[in-house]
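K.L.:
Residue numbers (this note's numbering), protein chains in the order written: chain A, 10 to 162; chain B, 10 to 162.
There are 2 protein chains.
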Amino acid sequence: MDEAARQERIAEFERLSREQGRRLTVQRRVILEAVLDLDNHPSADGVFDRVAGRIPGVARTTVYRTLDELNSMGLISKACHPGRVVRYDTRIDHHHHLFCTSCNEFIDITDERLDALVIPDTSGWDFEVSELRVQLLGTCGRCRQSERKEESK
Amino acid sequence: MDEAARQERIAEFERLSREQGRRLTVQRRVILEAVLDLDNHPSADGVFDRVAGRIPGVARTTVYRTLDELNSMGLISKACHPGRVVRYDTRIDHHHHLFCTSCNEFIDITDERLDALVIPDTSGWDFEVSELRVQLLGTCGRCRQSERKEESK
DNA sequence: TTAAGTGCAAAAGCTTTGCGGGTAG
DNA sequence: CTACCCGCAAAGCTTTTGCACTTAA
Chain A
10 MDEAARQERI AEFERLSREQ GRRLTVQRRV ILEAVLDLDN HPSADGVFDR
60 VAGRIPGVAR TTVYRTLDEL NSMGLISKAC HPGRVVRYDT RIDHHHHLFC
110 TSCNEFIDIT DERLDALVIP DTSGWDFEVS ELRVQLLGTC GRCRQSERKE
160 ESK
Chain B
10 MDEAARQERI AEFERLSREQ GRRLTVQRRV ILEAVLDLDN HPSADGVFDR
60 VAGRIPGVAR TTVYRTLDEL NSMGLISKAC HPGRVVRYDT RIDHHHHLFC
110 TSCNEFIDIT DERLDALVIP DTSGWDFEVS ELRVQLLGTC GRCRQSERKE
160 ESK
């Protein structure tokens with residue numbers, strides 16, 4: 010994330026916090042900065058590792074609680090994937106994911122045709138759509154290589 | 010799932026098992042039948058509940074292991090969602106999901122425009138795509154109703 | 001001042017692992 | 001017969017909860 014977008018997101022965080030009567034603490038600010046700096050859709054634990062280097066003695070609990078709040082505030086979101094740990098996404102613009110089912114890593118992509126997708130009429134299901142996400146599952150180059158090495162053993 | 014499709018999936022399971030040298034046990038057969046019968050993208054625990062009624066004394070472990078195998082065999086798949094428990098999907102035809110972020114339930118949908126989507130060129134990322142999934146996140150009718158009731162209290 | 005936030009410890013929930021006995025092929 | 005599979009118990013990992021202390025406003 011470039012510096013301008015980063016600063017803007019932090020400003021938005023401060024604005025929303027005041028608006029919603031949330032307190033601006035060091036922990037919250039550093040946790041937000043940490044997620045924004047990590048670009049690979051980190052888990053709570055990944056964020057904790059980074060935060061722990063900056064606030065000695067910070068509690069895991071605080072990271073979990075804060076990430077959940079940032080998600081509620083719409084400043085970050087939870088990524089969709091087939092695994093079992095919750096992972097967060099800092100991009101809130103329209104984009105899509107490649108997800109490697111072998112190493113569980115995400116790759117962000119943008120694609121005209123995918124972007125052109127229109128949310129279909131879901132009135133038949135009585136469902137209010139807030140977001141459309143496209144996910145491409147497969148295997149990344151690195152994992153395919155190691156699979157080949159494994160086979161040729 | 011209609012009876013014909015169900016029988017076909019079970020036959021496929023038996024064929025693949027023999028082909029891959031896996032043993033056909035009562036547990037595996039009943040676990041497969043259970044997932045196929047549950048249409049709401051069950052978690053391992055949900056499958057276990059149903060299986061436990063049919064094989065007294067079956068171990069949770071067995072259900073976890075078997076679901077993982079059925080997934081490897083391509084007979085079922087893991088659903089993508091923002092939560093933390095793994096959930097399975099028995100439909101292997103092309104379809105998409107509505108996912109209610111309030112009650113964590115899936116609704117299967119088919120839509121012409123979504124079906125018409127072409128997997129974009131991902132060669133630039135050195136990534137082999139095996140599947141394209143579209144997910145619509147939002148809130149189902151029931152949850153919107155209870156939210157309204159909550160507000161008017 | 002004081003209610004919201006934090007850290008700590010413990011619990012809870014989901015899943016995996018190791019192992020001895022059981023069973024399909 | 002024997003390699004694979006199952007049940008059991010325990011561990012492992014991620015996340016949540018309860019509570020007393022701290023701190024932003």
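Here a beta-carbon is modelled for each residue, glycine too, at the ideal position from N, C-alpha and C.
For L126 of chain A, which three-state DSSP category applies?
P.N.:
Translated into positions along the first sequence, residue 126 of chain A becomes position 117. DSSP places L126 of chain A in coil when its eight states are reduced to three.
K.L.:
Which residues in the same chain have their Cβ closer than 6 Å to the Cβ of L146 of chain A, if we skip the five residues on either side of it in sequence?
P.N.:
Within the first sequence, residue 146 of chain A is the residue found at index 137, counting from 1. For L146 of chain A, where only same-chain residues beyond five positions count, the Cβ hits under 6 Å are F108, T110.
K.L.:
Within a Cβ cutoff of 7 Å, which residues of the same chain sit near S52 of chain A, ignoring the five residues on either side of it in sequence?
P.N.:
Mapped onto the first sequence, residue 52 of chain A falls at position 43. V94, V95, R96, listed in sequence order.
K.L.:
So is L45 of chain A buried or exposed if we call it buried at 16+ other beta carbons inside 10 Å?
P.N.:
Residue mapping note: residue 45 of chain A aligns to position 36 of the first sequence, counting from 1. By the neighbour-count rule (16 or more Cβ atoms within 10 Å), L45 of chain A is buried.
K.L.:
Are the CB atoms of H106 of chain B and Q144 of chain B nearer to each other than 8 Å?
P.N.:
As a first step, residue 106 of chain B must be located in the second sequence, where it is residue number 97. As a first step, residue 144 of chain B must be located in the second sequence, where it is residue number 135. Yes, the pair counts as a contact, with Cβ atoms nearer than the cut-off.
K.L.:
Kindly say whether E114 of chain A, judged by its beta-carbon, lies nearer than 8 Å to any beta-carbon of chain B.
P.N.:
Stepping through the first sequence from its first residue, residue 114 of chain A is reached at position 105. Not an interface residue.
K.L.:
Any heavy atom of the ligand NAD closer than 7 Å to the Cβ of L126 of chain A?
P.N.:
The model depicted lacks the ligand NAD and carries no ligand whatsoever.
K.L.:
Alpha carbon to alpha carbon, what distance is there between R100 of chain B and K162 of chain A?
P.N.:
In the first sequence, counting from the first residue as 1, residue 162 of chain A sits at position 153. In the second sequence, counting from the first residue as 1, residue 100 of chain B sits at position 91. Bear in mind that a pLDDT of 43 at K162 of chain A, under 50, signals an unreliable position, so the number given afterwards is only what the model happens to contain. Cα-Cα distance, rounded: 36 Å.
K.L.:
Taking just the CA atoms, how far does M82 of chain B sit from I19 of chain A?
P.N.:
As a first step, residue 19 of chain A is located in the first sequence; it is residue number 10 there, counting from the start. As a first step, residue 82 of chain B is located in the second sequence; it is residue number 73 there, counting from the start. Going from the Cα of I19 of chain A to the Cα of M82 of chain B covers about 46 Å.
K.L.:
Relative to the alpha-carbon of D48 of chain B, which residue among B:P91, B:S26, B:S139, B:R15 has its alpha-carbon at the smallest distance?
P.N.:
On the second sequence, position 39 is the one that residue 48 of chain B refers to. When each option's Cα is compared against that of D48 of chain B, the closest is B:R15.
K.L.:
Do the stretch 147-156 of chain B and the stretch 126-136 of chain A make contact, defined as three or more Cβ pairs closer than 8 Å?
P.N.:
Yes, since at least three Cβ pairs between the stretch 147-156 of chain B and the stretch 126-136 of chain A fall closer than 8 Å, the two stretches touch.
K.L.:
Just reading off the alpha helix (DSSP H) that S77 of chain B is part of, what are its end residues?
P.N.:
Taking the first residue of the second sequence as 1, we reach residue 77 of chain B at position 68. The amino acid occupying residue 77 of chain B in the given sequence is Asp; Ser does not appear at that position. First-last of the alpha helix (DSSP H) with D77 of chain B: 69-81.
K.L.:
Would you call the CB atoms of V35 of chain A and A43 of chain A closer than 8 Å?
P.N.:
Position 26 of the first sequence, counting from 1, holds the residue named residue 35 of chain A. Position 34 of the first sequence, counting from 1, holds the residue named residue 43 of chain A. For V35 of chain A and A43 of chain A, no; Cβs fall outside 8 Å.
K.L.:
Go ahead and label C89 of chain A buried or exposed: buried means 16 or more other beta carbons lie within 10 angstroms of its beta carbon, across all protein chains shown.
P.N.:
Along the first sequence, one-based indexing puts residue 89 of chain A at 80. Looking at its Cβ environment, which holds 16 or more other Cβ atoms inside 10 Å, C89 of chain A is buried.
K.L.:
Run the CB neighbour count on T75 of chain A, radius 10 Å, all protein chains shown included, and call it buried at 16 or more, exposed below.
P.N.:
The residue you call residue 75 of chain A lines up with position 66 of the first sequence. So T75 of chain A ends up on the buried side.
K.L.:
Under 8 Å by Cβ, that's how I've got L41 of chain A and L84 of chain A pegged, so tell me the actual separation to the nearest angstrom.
P.N.:
Residue 41 of chain A sits at position 32 when you count from the first residue of the first sequence. Residue 84 of chain A sits at position 75 when you count from the first residue of the first sequence. Contact holds; Cβ gap of about 7 Å.
K.L.:
Using 8 Å as the limit for Cβ to Cβ distance, is T75 of chain A near chain B?
P.N.:
Reading the first sequence from its first residue, position 66 is the one you call residue 75 of chain A. For T75 of chain A, the answer is no, since every Cβ of chain B falls outside 8 Å of its Cβ.
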